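Everything on this sheet refers to the single structure shown next.
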Amino acid sequence: MLIKLVEHIDLNEAYAYLHANEAGAVNLFVGTVRNHSKGKEVVRLDFEAYDAMAIRQMEHLAKQAFEKWSLVKLAIIHAVGAKDPGTPVVVIGVSSAHRDASFEACRYLIDELKKTVPIWKKEFYEDNSVWVNAHP
Amino acid sequence: MLIKLVEHIDLNEAYAYLHANEAGAVNLFVGTVRNHSKGKEVVRLDFEAYDAMAIRQMEHLAKQAFEKWSLVKLAIIHAVGAKDPGTPVVVIGVSSAHRDASFEACRYLIDELKKTVPIWKKEFYEDNSVWVNAHP
Amino acid sequence: MKILLFGITREITGQSRLTVPANAGITTVKALKVWLAQQYPAMQGLTSLAVAVDNEYAQDEDVLNPGHEIALIPPVSGG
Amino acid sequence: MKILLFGITREITGQSRLTVPANAGITTVKALKVWLAQQYPAMQGLTSLAVAVDNEYAQDEDVLNPGHEIALIPPVSGG
Chain A
5 MLIKLVEHID
15 LNEAYAYLHA
25 NEAGAVNLFV
35 GTVRNHSKGK
45 EVVRLDFEAY
55 DAMAIRQMEH
65 LAKQAFEKWS
75 LVKLAIIHAV
85 GAKDPGTPVV
95 VIGVSSAHRD
105 ASFEACRYLI
115 DELKKTVPIW
125 KKEFYEDNSV
135 WVNAHP
Chain B
5 MLIKLVEHID
15 LNEAYAYLHA
25 NEAGAVNLFV
35 GTVRNHSKGK
45 EVVRLDFEAY
55 DAMAIRQMEH
65 LAKQAFEKWS
75 LVKLAIIHAV
85 GAKDPGTPVV
95 VIGVSSAHRD
105 ASFEACRYLI
115 DELKKTVPIW
125 KKEFYEDNSV
135 WVNAHP
Chain C
12 MKILLFGITR
22 EITGQSRLTV
32 PANAGITTVK
42 ALKVWLAQQY
52 PAMQGLTSLA
62 VAVDNEYAQD
72 EDVLNPGHEI
82 ALIPPVSGG
Chain D
12 MKILLFGITR
22 EITGQSRLTV
32 PANAGITTVK
42 ALKVWLAQQY
52 PAMQGLTSLA
62 VAVDNEYAQD
72 EDVLNPGHEI
82 ALIPPVSGG
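Chains A, B, C and D are the protein sequences, given in the same order. Following my numbering, the numbering of the first sequence begins with 5 at its first residue and continues without gaps. Following my numbering, the numbering of the second sequence begins with 5 at its first residue and continues without gaps. Following my numbering, the numbering of the third sequence begins with 12 at its first residue and continues without gaps. Following my numbering, the numbering of the fourth sequence begins with 12 at its first residue and continues without gaps.
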């Protein structure tokens, strides 16, 4: 599996890794920073990670996915640092013999990543900034 | 929407088209030719399309997807001609504000494409060849 | 009336465009299918066989007009 | 005992590494949370606050050992 934190997301790197002659299906999810959040214009974002734990938790998710589905390969790549709206910040990719597994595992991985992987997003607006999800 | 038949699938073209600042999620499905089918080694494949009708039917599917989900952009690109095992032959991509829509629409489009779009695959093995699905 | 052929139907008939003689009296999709089954018994072995008119799937009762683009659609296998 | 801080907890405390004095008598995750709420009332306003030990999520009853890597995990927002 390919699991890492990077400055810049490279979709081709993920696809090149996932490609395999025995895999008939590849599902890729790319999460990008939207330019609006709760009605306010987002001018910049900053992603901070607890690197070692983020990798560890992504490895746990990968292991769970390999146990739940019959997969060929799996990639989880998350960006850190300052990002402009529109920039890809996460790519999750799964290859499998048949498409059910790649769709389901990819969805599982992004859903769980958002719950458990220690990465934090700070949104900057024109007049202030906020750590997303920090407050109810 | 970006709908076309091509000689060679270009994942970057699809992603570049789908990218939009108001889209937070992009789901991409890449279907590749496996090197085995029903236990036999596939040495080559040939994809034939009824071009005009294939485009028309893909347009119908795109329209249905836009009606069912709130989507930003959508791409359906299918390859035609002789392909080696491992080659990508179809890419479907959907961008949306939130990920539910992109995952669900992408899955819908590939499932429906396989049922209704007039494209035919011939698999060549060492000793013979077969039009896939032609016979019960 | 001319019929476009693809995939296995092209192989079964040995041609990519089939001419249905006017004296065959074919006026509907259903009649065309019956005629094809008689002319090319191998067509009956297919999983399914649809007819398209002007790039849309047609129903058995639809009337065929020689001015339209008519095609046979054997079981598709794209993706 | 040293505690790694990220995101909003780093801003609340004004530091990226917090030292819990030995005389605070903190031995469990639960005790650490209680101590933090007293020292930094703003922590109580967070949606949630987890504690990680050696890169794994810890439970309230888990014992904290100064030799382990301990971190506060405010609500995550990756992806």
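Just so it is clear, CB atoms sit at the ideal spot from N, CA and C, and this is done for glycine as well. No experiment lies behind these values; they were computed from the predicted model shown.
Query raised in the report: Mind listing which residues of the segment 90–123 of chain A have their C-beta closer than 9 Å to chain D's C-betas, in chain order?
Result: Within the segment 90–123 of chain A, contact with chain D at the beta-carbon level (separation under 9 Å) is assigned to V93, V94, I96, I114, D115, L117, K118, K119, T120, V121, P122 and I123.
Query raised in the report: Hey, how far is the Cα of M12/C from the Cα of W124/B?
Result: Within the third sequence, residue 12/C is the residue found at index 1, counting from 1. Within the second sequence, residue 124/B is the residue found at index 120, counting from 1. Cα to Cα, M12/C sits roughly 24 Å from W124/B.
Query raised in the report: What three-state label does DSSP hand T20/C in the structure shown?
Result: Translated into positions along the third sequence, residue 20/C becomes position 9. Three-state result, T20/C: helix.
Requested in this report: Could you name the residues of the segment 57–70 of chain B whose beta carbon sits closer than 7 Å to any beta carbon of chain C, in the order they occur along the chain?
Outcome: The residues in question are M57 and R60.
Query raised in the report: Counting only beta-carbon atoms, is G90/D nearer than 7 Å to chain A?
Result: Reading the fourth sequence from its first residue, position 79 is the one you call residue 90/D. Interface criterion met: the Cβ of G90/D is under 7 Å from a Cβ in chain A.
**Report entry** Listed by chain order, chain B residues near A63/C by CB distance under 8 Å
**Finding:** Walking along the third sequence from the start, residue 63/C turns up at place 52. Residues of chain B passing the Cβ test: Y54, M57 and P122.
Requested in this report: Give every residue of the same chain whose Cβ lies closer than 7 Å to the Cβ of E17/A, excluding the five residues on either side of it in the sequence, and list them in chain order.
Outcome: Within the first sequence, residue 17/A is the residue found at index 13, counting from 1. There are no such residues.
Report task. Pull up the distance between the alpha-carbon of R60/B and that of N66/C, whole angstroms please. Result -> Residue 60/B sits at position 56 when you count from the first residue of the second sequence. Residue 66/C sits at position 55 when you count from the first residue of the third sequence. About 7 Å.
Query raised in the report: Are the beta-carbon atoms of V98/A and L78/A separated by less than 7 Å?
Result: As a first step, residue 98/A must be located in the first sequence, where it is residue number 94. As a first step, residue 78/A must be located in the first sequence, where it is residue number 74. Yes, Cβ-Cβ distance for V98/A and L78/A is below 7 Å.
Requested in this report: Determine the closest residue to L30/C out of K41/C, E72/C, V87/C and Q50/C, with distance taken between C-alpha atoms.
Outcome: For this step, residue 30/C is matched to residue 19 along the third sequence. The displayed chain sequence assigns Thr, not Leu, to residue 30/C. Minimum Cα distance to T30/C is reached at Q50/C.
Report task. Answer with buried or exposed for T38/C, where buried requires no fewer than 16 other C-beta atoms within 10 angstroms of its C-beta. Result -> Your numbering for residue 38/C matches position 27 in the third sequence. The residue is exposed, with fewer than 16 neighbouring Cβ atoms inside 10 Å.
Report task. Verify the CB distance criterion: does V46/B have a CB-CB separation below 7 Å to chain C? Result -> What you label residue 46/B is simply residue 42 of the second sequence in a count that begins at 1. Taking Cβ atoms only, chain C never reaches closer than 7 Å to V46/B, which makes this a no.
Query - Nearest residue (CA-CA) to S88/D, options A86/A, A56/A, E52/A and W73/A - result: Your numbering for residue 88/D matches position 77 in the fourth sequence. Comparing Cα-Cα distances from S88/D to each of A86/A, A56/A, E52/A and W73/A, the minimum goes to E52/A.
**Report entry** Opposing strand residues paired with R60/A [DSSP bridges]
**Finding:** Residue 60/A sits at position 56 when you count from the first residue of the first sequence. Paired residues: none, contrary to the question.
Requested in this report: Please report the residue range of the beta strand (DSSP E) in which A53/A lies.
Outcome: Against the first sequence, residue 53/A aligns to sequence position 49. Per DSSP, the unbroken beta strand (DSSP E) holding A53/A starts and ends at R48 to A53.
Query raised in the report: Does the distance from the C-beta atom of L6/A to that of Y19/A stay below 7 Å?
Result: As a working mapping, residue 6/A is identified with position 2 in the first sequence. As a working mapping, residue 19/A is identified with position 15 in the first sequence. Annotated as distal: L6/A and Y19/A, with beta-carbon spacing of 7 Å or more.
Report task. Identify, in the order they occur along the chain, each residue of the same chain with its Cβ nearer than 7 Å to the Cβ of E130/A, setting aside the five sequence neighbours on each side. Result -> As a first step, residue 130/A is located in the first sequence; it is residue number 126 there, counting from the start. In its chain, beyond the 5 residues on either side, E45 and V47 have a beta carbon closer than 7 Å to the beta carbon of E130/A.
**Report entry** Three-state secondary structure (DSSP) of R103/A
**Finding:** Stepping through the first sequence from its first residue, residue 103/A is reached at position 99. In the structure shown, R103/A sits in a helix (DSSP, three-state: H, G or I).
Query raised in the report: Alpha carbon to alpha carbon, what distance is there between P122/A and M57/A?
Result: By one-based count along the first sequence, residue 57/A stands at place 53. By one-based count along the first sequence, residue 122/A stands at place 118. Going from the Cα of M57/A to the Cα of P122/A covers about 7 Å.
Query raised in the report: What's the C-alpha gap between P86/C and K8/A?
Result: As a working mapping, residue 86/C is identified with position 75 in the third sequence. As a working mapping, residue 8/A is identified with position 4 in the first sequence. The C-alpha of P86/C lies about 43 Å from the C-alpha of K8/A.
Report task. Confirm, please, whether the CB-CB distance from L16/C to T24/C is below 7 Å. Result -> Taking the third sequence and counting its residues from 1, the one referred to as residue 24/C is at position 13. Taking the third sequence and counting its residues from 1, the one referred to as residue 16/C is at position 5. Here T24/C is near L16/C, since their CB atoms are less than 7 Å apart.
**Report entry** I85/A: contacting residues in chain D (beta-carbon distance under 7 Å)
**Finding:** Position 81 of the first sequence holds residue 85/A. Here residue 85/A is Gly; the residue named in the question, Ile, does not match the sequence. Within 7 Å Cβ-Cβ: nothing; G85/A doesn't reach chain D, min ~13 Å.
Requested in this report: Leaving out five residues on either side along the sequence, give the residues of the same chain with a beta carbon under 8 Å from the beta carbon of I114/A.
Outcome: As a first step, residue 114/A is located in the first sequence; it is residue number 110 there, counting from the start. Counting only Cβ-Cβ distances below 8 Å, and skipping sequence neighbours, we find F33, G35, V94 and I96.
Query raised in the report: Who are the near neighbours of H12/A in its chain, counting only those whose CB is closer than 8 Å to its CB and skipping five residues on each side?
Result: If you number the first sequence from 1, residue 12/A lands on position 8. Excluding residues within five positions, the ones whose Cβ falls inside 8 Å are A83.
Query raised in the report: Should Y19/B be flagged as near chain A, meaning a C-beta pair shorter than 7 Å?
Result: Translated into the one-based positions of the second sequence, residue 19/B becomes position 15. Residue contact check for Y19/B against chain A: a CB pair falls below 7 Å.
**Report entry** T20/C, buried or exposed, once every other Cβ within 10 Å from all chains shown has been counted against 16
**Finding:** In the third sequence, the residue the question calls residue 20/C occupies position 9. With 16 or more other Cβ atoms inside 10 Å of its own Cβ, T20/C counts as buried.
Query raised in the report: When you compare only the Cα positions, how much space is there between E72/C and K119/B?
Result: For this step, residue 72/C is matched to residue 61 along the third sequence. For this step, residue 119/B is matched to residue 115 along the second sequence. For E72/C and K119/B, the distance between alpha carbons rounds to 22 Å.
Report task. May I have the straight-line CA-CA distance separating V136/A from K72/B, to the nearest angstrom? Result -> On the first sequence, position 132 is the one that residue 136/A refers to. On the second sequence, position 68 is the one that residue 72/B refers to. Spanning the two alpha carbons is a distance of roughly 30 Å.
**Report entry** In chain order, each beta strand (DSSP E) run of at least 3 residues that lies wholly inside the segment 12–73 of chain D
**Finding:** Those beta strand (DSSP E) runs which fall completely within the segment 12–73 of chain D and span 3+ residues are 13–15, 28–30 and 61–64.
Query raised in the report: Between G35/B and chain C, is there a C-beta pair that is closer than 7 Å?
Result: The residue labelled residue 35/B in the question sits at position 31 within the second sequence. Taking CB atoms only, G35/B has a neighbour in chain C less than 7 Å away.
Query raised in the report: From R38/A to G90/A, what does the alpha carbon distance come to, in whole angstroms?
Result: As a first step, residue 38/A must be located in the first sequence, where it is residue number 34. As a first step, residue 90/A must be located in the first sequence, where it is residue number 86. Looking at the backbone, the Cα of R38/A and that of G90/A are separated by about 6 Å.
Query - Candidates A29/A, Y54/A and E127/A, of which the one nearest L75/A by Cα - result: Counting from one through the first sequence, the residue named residue 75/A turns up at place 71. Answer by Cα proximity: A29/A.
Query - Separation of K44/C from P32/C, as counted between CA atoms - result: Within the third sequence, numbered from 1, the residue matching residue 32/C stands at position 21. Within the third sequence, numbered from 1, the residue matching residue 44/C stands at position 33. Going by C-alpha positions, P32/C is about 14 Å away from K44/C.
Query raised in the report: Residue range of the alpha helix (DSSP H) that L15/B falls in?
Result: As a first step, residue 15/B must be located in the second sequence, where it is residue number 11. Following the DSSP letters along the chain, one finds L15/B inside the alpha helix (DSSP H) bounded by residues L15 to L22.
Report task. Give a yes or no on whether the C-beta atoms belonging to I81/A and M62/A are separated by under 7 Å. Result -> The sequence position of residue 81/A within the first sequence is 77, counting from 1. The sequence position of residue 62/A within the first sequence is 58, counting from 1. Between I81/A and M62/A, the CB-CB gap reaches or exceeds 7 Å.
Report task. Using a Cβ-Cβ cut-off of 7 Å, state whether G43/B counts as contacting chain A. Result -> As a working mapping, residue 43/B is identified with position 39 in the second sequence. With a threshold of 7 Å between beta carbons, G43/B makes no contact with chain A.
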